[in-house]
Every structure is written in C-alpha cells, then in structure tokens.
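To start, the structure itself, in structure tokens.
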Amino acid sequence: MPEMLFDSQRNQSTANPKQIKPEKNRELHQAAIDCIITAG
C-alpha cells in the first residue's frame, strides 16, 4: 500500500512515529472539555 501514497504522505507517516503519552493525552482531553464547557 505505501506505493499508492504521494511522497509527502510517505514522509509524513515516518516523521512522527511517537504516540501521545497518557499524561499529555489526559491534559489535552481536559483542555478540550474545559473549552466545550466554557463555550456552552
């Protein structure tokens, strides 16, 4: 399947192999919830 991708897509998939750490994930989720509550 990689042969079906554009060069930029291939580079994109290999450039960021890291996953979001659980602590950062919780922080981002909480920030999103706070924004939703504030926006009403």
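Each residue of the sequence shown is one higher than the one before, counting from 1 in the UniProt record's numbering.
Glycine residues also receive a C-beta, built at the ideal position from the N, C-alpha and C atoms.
E3 and K18 have their C-alpha atoms roughly 23 Å apart. Between the alpha carbons of A32 and S8 lies a distance of about 29 Å. The criterion of a C-beta distance shorter than 9 Å is not satisfied by L28 and I36.
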